[in-house]
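*Asks:* Could you have a look at this structure, given as structure tokens, before my questions?
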Amino acid sequence: MIDKLILGTVQLGLDYGINNFSGKPSQEEAFSILNYAYDQGLRKLDTAEAYGNSIDVIGAYHNAYPNKRFDIISKLSPLVDVAKIDLRSHVDKSLNILSIKQLYAYMFHSYNSLKSKPSLFNEFIELKNKGIVKNIGISVYTNDEIEDIIENFDEFDFIQIPFNLLDNSKRRKTLVEKAKQKDIDTHTRSTFLQGLFFKNDQELQSKLLPLKPYLSRLNSIANRWQIPIADLAIQYVLQKEYIKNVLIGVETRAQLESNLVICKKYRALDWTEVDEIDVKELDLLNPANWI
Numbered sequence: 184m185i186d187k188l189i190l191g192t193v194q195l196g197l198d199y200g201i202n203n204f205s206g207k208p209s210q211e212e213a214f215s216i217l218n219y220a221y222d223q224g225l226r227k228l229d230t231a232e233a234y235g236n237s238i239d240v241i242g243a244y245h246n247a248y249p250n251k252r253f254d255i256i257s258k259l260s261p262l263v264d265v266a267k268i269d270l271r272s273h274v275d276k277s278l279n280i281l282s283i284k285q286l287y288a289y290m291f292h293s294y295n296s297l298k299s300k301p302s303l304f305n306e307f308i309e310l311k312n313k314g315i316v317k318n319i320g321i322s323v324y325t326n327d328e329i330e331d332i333i334e335n336f337d338e339f340d341f342i343q344i345p346f347n348l349l350d351n352s353k354r355r356k357t358l359v360e361k362a363k364q365k366d367i368d369t370h371t372r373s374t375f376l377q378g379l380f381f382k383n384d385q386e387l388q389s390k391l392l393p394l395k396p397y398l399s400r401l402n403s404i405a406n407r408w409q410i411p412i413a414d415l416a417i418q419y420v421l422q423k424e425y426i427k428n429v430l431i432g433v434e435t436r437a438q439l440e441s442n443l444v445i446c447k448k449y450r451a452l453d454w455t456e457v458d459e460i461d462v463k464e465l466d467l468l469n470p471a472n473w474i
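When the count follows my numbering, it moves up by one through the sequence shown with no breaks and lands on 474 for the last residue.
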């Protein structure tokens, strides 16, 4: 299951997540995280130009450990004025910082980034044709966005979507399978929904209280199955055969060690009860709406 994982690096460049009490790790801690990930067989990192200095941290790591090279998935910053840049030169700059020759994948940071300048899509395809990037993808949120990508932009190699115990198979499976029919793979993010699954009732901010019944149901399932909620969250996503890669993020090496232990614990489970959870407050499944 380790080869299915992508390590998210937003936490290496920014303080990120409502359950993040550790803050951004030091470079020494970041290198320790990356070393452990590599030594355990994890080979893909997810970063972005908008993730603070995470690209610089990865580049510094590659320079410090030249025999340990990760496959890098990066995203075009939504803050970049694409009308004023040459995209090839822009990506070359990132490659130089990362100390690599090719991006494993380059992504649109959001659906809006694509729709605001659709012609940029052809430039992404050109980057792939020239071997500057191996794959092209896009980060999307809603099912309507996924549907549009499938129908009108099927040259994408993959989509990256939220997928977890609440934003689950009931909402996503049909579209993910439809994407696969167009040779579009699916990467998932928000495995832990930014730490929401680890919060107790007293820690929930008022805006998130409508999610309390769903969280209680998940905890009930975990208790009945005698499985920690973290195990439940990771195994749920990893065991979905229609998902190609699963993105997880950590703030500390200890968290990574714990998560990789969970990944290695395969336990066949009947996920029907989780699949049937049907969250009505869809806006609360997007952490951008929690503020």
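All C-beta atoms, glycine included, are put in the ideal place defined by N, C-alpha and C. Predicted model only: the values in this text are computed from it and were never measured.
Pull up the CB-CB distance for Thr374 and Ile417, whole angstroms please, since I reckon it's below 8 angstroms.
*Replies:* That belief holds up - the Cβ atoms of Thr374 and Ile417 are roughly 6 angstroms apart, short of 8 angstroms.
*Asks:* List, from N- to C-terminal side, the beta strand (DSSP E) runs of 3 residues or more that fit wholly inside the stretch 393-448.
*Replies:* Taking only runs of at least 3 residues, the beta strand (DSSP E) segments lying wholly in the stretch 393-448 are 428-432.
*Asks:* Is the CB-CB distance between Ile280 and Ile333 below 8 angstroms?
*Replies:* Contact: no.
*Asks:* Among the candidates Gln223, Asn250, Gln210, Val265, whose CA atom is the shortest distance from the CA of Ile238?
*Replies:* Ranking the options by Cα distance to Ile238, first place goes to Gln210.
*Asks:* In or out: Glu309 buried (at least 16 other Cβ within 10 Å) or exposed?
*Replies:* Exposed is the call here.
*Asks:* Which residue's Cα is closest to the Cα of Phe214: Tyr248, Leu348, Phe304, Gly224?
*Replies:* The shortest Cα separation from Phe214 among Tyr248, Leu348, Phe304, Gly224 belongs to Tyr248.
*Asks:* Using CA atoms only, rank isn't needed, just tell me which of Leu415, Arg436, Tyr219, Lys390 is closest to Glu464.
*Replies:* Per the Cα distances, Lys390.
*Asks:* Tell me whether Tyr294 sits in a helix, a strand or coil according to DSSP, three-state version.
*Replies:* Tyr294: helix per DSSP, three-state reduction.
*Asks:* Check whether the stretch 314-325 and the stretch 334-350 are in contact - that is, three or more C-beta pairs closer than 8 angstroms.
*Replies:* Touching, yes, given that three or more Cβ pairs across the two stretches are closer than 8 angstroms.
*Asks:* What span of residues does the beta strand (DSSP E) with Ser322 cover, start to end?
*Replies:* Residues 316-322.
*Asks:* Nearest to Leu452 by alpha carbon, out of Leu217, Arg436, Gln422, Pro470?
*Replies:* Residue Gln422 is the option with its Cα nearest to Leu452.
*Asks:* Specify, as a first and last residue, the run of the beta strand (DSSP E) that Gly502 falls within.
*Replies:* A question about residue 502 goes unanswered here, because the residues of the chain that appear run from 184 up to 474.
*Asks:* According to DSSP, is Phe214 helix, strand or coil?
*Replies:* Note: Phe214 maps to helix in three-state DSSP.
*Asks:* Looking only at its own chain, which residues have a Cβ that is under 7 angstroms from the Cβ of Pro411, when we skip the five neighbours before and after it?
*Replies:* Ala405, listed in sequence order.
*Asks:* To which residues of the same chain is Asp397 closer than 8 angstroms at the C-beta, ignoring the five residues directly before and after it?
*Replies:* According to the sequence as given, residue 397 is Tyr; it is not Asp. Answer for Tyr397: Leu349, Ile460, Val462, listed in chain order.
*Asks:* Under a three-way DSSP split, which group does Thr369 fall into?
*Replies:* Strand at Thr369.
*Asks:* For Leu286, name the three-state secondary structure that DSSP assigns.
*Replies:* Strand, per DSSP.
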